[in-house]
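Each remark here refers to the structure printed beneath this line.
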Amino acid sequence: MLKKTLTAVAIAALALSAHAADVLKVAATAVPHAEILNFVKPQLKAQGLDLEVKEFSDYVQPNAAVEDKQLDANFFQHQPYLDSYNKDRKSSLVQVPNGKIHVEPFGAYSTKIKNIKDLKNGATVAIPNDPSNGGRALLLLAKQGLIELKDPKSLTSTALDVVKNPKKLKFKELEAPLLPRALADVDLALINTNYAIEAKLNPTKDALFIEGADSPYTNIVAARADRANDPNIAKLIKALHSPEVKKFIQDKYKGAVVPAF
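So the working numbering is basically just the index in the sequence shown, starting at one, shifted up by 13.
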């Protein structure tokens with residue numbers, strides 16, 4: 014009887030172990046990443062893979078949670094940000110194979126003006142305080158002719174790299190999630206599309222100017238190097254690259270998020 018009980022316990026343990034191997038835990042910011050991941054949940058469930066989406070409101074913890082092996086992968090960032098994070102934190106997260114999913118065109122918003130031509134001299138411009146998104150904001154300002162940068166091709170320029178500033182713009186660096194809330198206090202804010210959407214801003218209608226579809230800032234799925242080729246992550250990528258996801262992105266975000274596959 015004891016032997017049978019032990020055998021049953023062993024079988025149950027194996028079953029639980031097998032089930033655990035079919036759970037994929039992915040970090041994401043709420044919009045649009047978690048929404049896209051939740052859309053593919055049923056498709057993955059039908060393949061025997063339970064997708065658990067863990068939402069974060071910042072750009073640091075989703076990487077830290079993957080690096081610390083609390084989670085398996087994340088979906089919230091572009092490659093320039095990941096490169097900057099790895100350099101600053103001495104981590105080694107990587108984009109998984111075929112991990113490019115979508116582009117969120119970066120935009121400039123204001124509650125003070127309706128046209129960028131009306132931006133006054135000495136205006137305060139809020140930009141993200143992380144190197145990759147701060148550089149991205151400055152590139153967009155330079156493309157509008159508002160400033161000139163020491164290296165127009167650099168993805169990590171800072172305010173110190175501004176060599177011409179005819180309007181004498183004042184730059185205010187803030188954490189990316191705080192930028193929508195800062196709109197009332199600044200003349201112009203450069204905001205990541207995920208945070209713009211969360212703040213009920215419509216990037217295609219409310220942005221004074223916005224990146225084109227040629228943006229190099231494609232959002233990716235990232236993981237630790239030892240998990241990059243995990244079969245379950247490969248299943249996730251295949252699901253995210255499906256025609257159904259492309260249609261979901263196009264229908265739901267109407268140009269504010271653009272498929273990159």
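Note that the Cβ used here is the ideal one computed from N, Cα and C, for glycine as well.
Since the structure is predicted, the reported quantities are computational estimates derived from the model, not experimental observations.
Residue i classed as buried or exposed, judged by whether at least 16 other C-beta atoms fall within 10 angstroms
{"i": "D102", "result": "With the sequence shown as reference, residue 102 is identified as Arg, and Asp is not the correct amino acid for it. Exposed, because fewer than 16 other Cβ atoms sit within 10 Å of the Cβ of R102."}
{"i": "Q83", "result": "exposed"}
{"i": "E70", "result": "In the sequence as displayed, the identity of residue 70 is Ser instead of Glu. When all chains shown are included, S70 counts as exposed."}
{"i": "L131", "result": "The displayed chain sequence assigns Asp, not Leu, to residue 131. D131 should be labelled exposed."}
{"i": "K133", "result": "exposed"}
{"i": "A238", "result": "exposed"}
{"i": "G148", "result": "buried"}
{"i": "D200", "result": "buried"}
{"i": "E257", "result": "exposed"}
{"i": "K100", "result": "exposed"}
{"i": "D164", "result": "exposed"}
From the options, residue whose alpha carbon lies closest to that of residue i
{"i": "L154", "options": "A121, N142, L173 and K265", "result": "A121"}
{"i": "Q92", "options": "L187, K82, P256 and L168", "result": "L168"}
{"i": "T217", "options": "Q263, I140, L64 and S145", "result": "Q263"}
{"i": "A202", "options": "T124, Y72 and P165", "result": "T124"}
{"i": "K175", "options": "L162, K183 and K181", "result": "The question names Lys, yet the displayed sequence has Val at residue 175. It is L162 whose Cα lies nearest to the Cα of V175."}
{"i": "L152", "options": "D143, G61 and T171", "result": "T171"}
{"i": "I204", "options": "A235, L221 and I140", "result": "I140"}
{"i": "P193", "options": "I250, V36, K251 and D219", "result": "D219"}
{"i": "A197", "options": "T206, A212 and N207", "result": "A212"}
{"i": "K267", "options": "A235, R240 and I210", "result": "I210"}
{"i": "N142", "options": "G225, Y230 and S97", "result": "S97"}
{"i": "L159", "options": "P144, P179 and G148", "result": "P179"}
{"i": "A136", "options": "L37, A41, P55 and F184", "result": "F184"}
{"i": "Q108", "options": "K259, F119 and T231", "result": "T231"}
{"i": "V36", "options": "D227, H46, L57 and I114", "result": "L57"}
{"i": "V271", "options": "L187, Q90, H115 and F119", "result": "H115"}
{"i": "I187", "options": "T206, P144, F52 and I49", "result": "The sequence shown places Leu at residue 187, rather than the Ile named in the question. For L187, the nearest C-alpha among the options comes from P144."}
Straight-line gap, residue i to residue j (C-alpha atoms, nearest Å)
{"i": "D76", "j": "L106", "result": "Before going further, note that residue 76 is Asn rather than Asp in the sequence given. Spanning the two alpha carbons is a distance of roughly 8 Å."}
{"i": "K248", "j": "K166", "result": "35 Å"}
{"i": "I233", "j": "N128", "result": "33 Å"}
{"i": "V39", "j": "F88", "result": "7 Å"}
{"i": "D243", "j": "K156", "result": "40 Å"}
{"i": "N146", "j": "F261", "result": "26 Å"}
{"i": "D81", "j": "Q74", "result": "10 Å"}
{"i": "I223", "j": "Y208", "result": "14 Å"}
{"i": "A43", "j": "L221", "result": "24 Å"}
{"i": "N111", "j": "L214", "result": "30 Å"}
{"i": "P190", "j": "L182", "result": "22 Å"}
{"i": "I246", "j": "A150", "result": "31 Å"}
{"i": "E117", "j": "K265", "result": "13 Å"}
{"i": "E68", "j": "A41", "result": "5 Å"}
Residue i, DSSP secondary structure in three states
{"i": "H254", "result": "coil"}
{"i": "T124", "result": "coil"}
{"i": "N2", "result": "Residue 2 lies beyond the stretch modelled for the chain, which goes from 14 to 274, so this question has no answer here."}
{"i": "P272", "result": "strand"}
{"i": "A235", "result": "strand"}
{"i": "T137", "result": "strand"}
{"i": "L37", "result": "strand"}
{"i": "T42", "result": "strand"}
{"i": "G61", "result": "coil"}
{"i": "N111", "result": "strand"}
{"i": "A241", "result": "coil"}
{"i": "A202", "result": "strand"}
{"i": "V73", "result": "coil"}
{"i": "L50", "result": "helix"}
{"i": "K183", "result": "strand"}
{"i": "I223", "result": "strand"}
{"i": "L168", "result": "coil"}
Using 8 Å as the cut-off, can you tell me whether the region 249 to 257 makes contact with the region 46 to 64, which would need three or more C-beta pairs spanning the two stretches below that distance? yes
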